[in-house]
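First residue of the sequence shown: 7, per our numbering; consecutive thereafter.
Backbone N, C-alpha and C fix where the C-beta goes; we use that ideal spot for every residue, glycine too.
Shown next, in structure tokens, is the structure this report addresses.
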Amino acid sequence: MTAPSRTLGVAFSDARDVSYAAGVVVRADGTPDGVAFARCTVGGTDATDAALDCWRALDREDVRHVACAGVAPAWFNLLDLDRLREALDRPVYAVSYEASPGLEPALRDAFDGDALAERLATYRSLPPRVPVSSADADGGDAPDGGEPRFVRAVGLDPERAAAAVRALTRDGFRRCEPLRIAALAASAHREAVTASDPPGATDAP
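Right under this line is the structure:
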């Protein structure tokens, strides 16, 4: 599978109480082609809203795929991939980089009552993780050198999502370009915003 002509990458960078989201449109050749920012609450339930805010601010109908950096940014502020798919009418997939037995034990340690039930419902709605093979369609080595990557996909066959991730990853990098650039943008935005806050200011949105 060739890379989509344009992919929206969404990543988050956490401050104390607020996580700063960046949405970056990246062309198939890896060139950034638009950026927008939003915020959500660390430990809240509004990360999906922040991703949607980035989409609306960009207003880019030419985007073909949406890639998210994981499903639990901002301290378990879970992304609802089904909701994103329905709202954006685009294939949506989340990419992660660590083997894991799942988030349910960590969620149960961190939350209880309604807060736990809401997060468990979102988490259980997610599609299963599928490994991104370390070999491309021609049998060559992938740029990640065999390090694990996983994808959860909605609106697209997971193997096709994995192929898109491989196609969008440059030699020598583990993260695909939409997510690598979005992570850099989110971190830079957080640093710029928090550096400009007056002494004693909070990170309230």
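Per-residue burial, residue i [other beta carbons within 10 Å of its own, 16 or more giving buried]
{"i": "R158", "result": "buried"}
{"i": "A127", "result": "exposed"}
{"i": "S19", "result": "buried"}
{"i": "T8", "result": "exposed"}
{"i": "A37", "result": "It should be pointed out that residue 37 corresponds to Thr in this sequence rather than to Ala. Classification of T37: exposed, given that the 10 Å Cβ count is below 16."}
{"i": "R130", "result": "exposed"}
{"i": "G50", "result": "buried"}
{"i": "A169", "result": "buried"}
{"i": "P107", "result": "exposed"}
{"i": "R62", "result": "exposed"}
{"i": "D144", "result": "Here the model assigns D144 a pLDDT of 38, short of 50, so the residue's position is not dependable, and the following value carries that caveat. By the 10 Å Cβ count, D144 comes out exposed."}
{"i": "A42", "result": "buried"}
Extent of the continuous beta strand (DSSP E) run through residue i
{"i": "F82", "result": "Element bounds for F82: not the beta strand (DSSP E) but the alpha helix (DSSP H), 79-82."}
{"i": "S139", "result": "From DSSP, S139 is part of no beta strand (DSSP E); its letter is neither H nor E."}
Nearest neighbour of residue i, chosen from the options [CA to CA]
{"i": "F82", "options": "A123, C60, A188, W61", "result": "A123"}
{"i": "A105", "options": "R135, D203, V31", "result": "R135"}
{"i": "A44", "options": "R33, D52, P38", "result": "D52"}
{"i": "R125", "options": "D39, V32, R22, T54", "result": "T54"}
{"i": "V138", "options": "Y99, A116, D120, D95", "result": "Y99"}
{"i": "P184", "options": "R96, G15, P10", "result": "G15"}
{"i": "G29", "options": "D23, T47, L64, R70", "result": "L64"}
{"i": "A188", "options": "L113, G49, V48, A57", "result": "A57"}
{"i": "A194", "options": "Y26, V31, T13, S11", "result": "Y26"}
{"i": "A201", "options": "R176, A21, T13, R12", "result": "A21"}
{"i": "G76", "options": "D68, R70, L85", "result": "L85"}
{"i": "L162", "options": "D177, R96, T175", "result": "R96"}
{"i": "D192", "options": "D68, R12, A80, F179", "result": "Rather than Asp, the amino acid found at residue 192 in this sequence is Ala. When only C-alpha atoms are compared, the closest one is A80."}
Per DSSP, the bridge partner or partners of residue i
{"i": "V41", "result": "V30"}
{"i": "L14", "result": "V31, V72"}
{"i": "S25", "result": "D20, C46"}
{"i": "A159", "result": "Y99"}
Residue i in three-state terms, based on DSSP
{"i": "Y103", "result": "coil"}
{"i": "A191", "result": "helix"}
{"i": "R196", "result": "helix"}
{"i": "G119", "result": "helix"}
{"i": "C60", "result": "helix"}
{"i": "D65", "result": "coil"}
{"i": "D55", "result": "helix"}
{"i": "L126", "result": "helix"}
{"i": "L109", "result": "coil"}
{"i": "A9", "result": "coil"}
{"i": "L132", "result": "coil"}
{"i": "R186", "result": "helix"}
{"i": "R114", "result": "helix"}
Segment limits, alpha helix (DSSP H) that includes residue i
{"i": "P154", "result": "That residue, P154, is in no alpha helix (DSSP H); it is neither H nor E in DSSP."}
{"i": "L94", "result": "87-94"}
{"i": "A167", "result": "164-173"}
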